[in-house]
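These notes are about the structure you will find just below.
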Amino acid sequence: MSKRSAVVVGIDPGMLMGWAMFSDGRLREFGPWAHNDEPYDLRFRQTFERVTRLLSRCMGKGVPVLMGIEGASHYSPGKKSAESLAGMRASALAAAGRLGIGYVVVAPSTIKKSVTGNGHAKKTQVIAAIRQRYRLDEIDDNEADAIGIGIAVHK
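Numbering (the numbering used here), first residue to last: 9 to 163.
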């Protein structure tokens, strides 16, 4: 499968999530998903349902779909944050698996290198590079990560 002809979906998992959709190698849509104060089990189900809807919509375009998702970083959040992040990641991967969609796990350093040329770039540098590349006025760090994942998957 050529990544250029596939629809690529980038997912930045977490309590505040970002998603991005690329087709024909171009950024088409992106946005944030917030999980308010729902209990964890509802957040995981909500993530599963949102990712399932997004991937299903992409499947309707008649071309292969590939999901990229950010892998674990060396950052060590608290236990509750680590459990939440793992649950969000698992929920997104389960949605892809249910639909038979392949996925690629992308390391944070690979995202940074794909976007800025430097695998140790700061978050502000990644956001600035994506804003400049796509001429975006506003973008949050979760959306930037999701777009960066899509860029990395295409490389």
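Heads up, the beta-carbon is just placed ideally off N, CA and C, and yes, glycines get one too.
What do you get for P116, buried or exposed, if any count of 16 or more other CB atoms within 10 angstroms of its CB means buried?
-> Residue 116 sits at position 108 when you count from the first residue of the sequence shown. P116 is buried by the Cβ-count criterion.
Answer with buried or exposed for T132, where buried requires no fewer than 16 other C-beta atoms within 10 angstroms of its C-beta.
-> The residue labelled residue 132 in the question sits at position 124 within the sequence shown. By the 10 Å Cβ count, T132 comes out exposed.
Pair every Cβ in the segment 59–72 with every Cβ in the segment 92–111, then say whether three or more of these pairs are closer than 8 Å.
-> yes
How about A154 and D32: are their beta carbons less than 8 Å apart?
-> Position 146 of the sequence shown, counting from 1, holds the residue named residue 154. Position 24 of the sequence shown, counting from 1, holds the residue named residue 32. Going by C-beta atoms, A154 is not nearer than 8 Å to D32.
Check whether the Cβ atoms of V59 and A14 sit closer than 8 Å, and answer yes or no.
-> The count along the sequence shown starts at 1 and reaches residue 59 at position 51. The count along the sequence shown starts at 1 and reaches residue 14 at position 6. Not a contact, by the Cβ cut-off of 8 Å.
Looking only at its own chain, which residues have a Cβ that is under 7 Å from the Cβ of S184, when we skip the five neighbours before and after it?
-> Only positions 9 to 163 of the chain appear in the structure, and residue 184 is not among them; the question remains open.
If you draw a straight line from the C-alpha of F38 to the C-alpha of A28, how long is it?
-> On the sequence shown, position 30 is the one that residue 38 refers to. On the sequence shown, position 20 is the one that residue 28 refers to. Distance between the alpha carbons of F38 and A28 is about 4 Å.
My understanding is that V114 touches G76, with C-beta atoms under 8 Å, so please give their C-beta distance in whole angstroms.
-> Reading the sequence shown from its first residue, position 106 is the one you call residue 114. Reading the sequence shown from its first residue, position 68 is the one you call residue 76. Rounded, the Cβ-Cβ distance is 5 Å, consistent with contact.
Return the first residue and the last residue of the beta strand (DSSP E) that L62 is part of.
-> By one-based count along the sequence shown, residue 62 stands at place 54. No beta strand (DSSP E) holds L62; the alpha helix (DSSP H) holding it covers Y48 to M67.
With DSSP as the reference, label P40 as helix, strand or coil.
-> Sequence index remark: in the sequence shown, residue 40 carries index 32 (1-based). Three-state DSSP puts P40 in a strand.
Which of helix, strand or coil DSSP assigns to M23 | On the sequence shown, residue 23 is found 15 positions in, with the first residue counted as 1. Coil.
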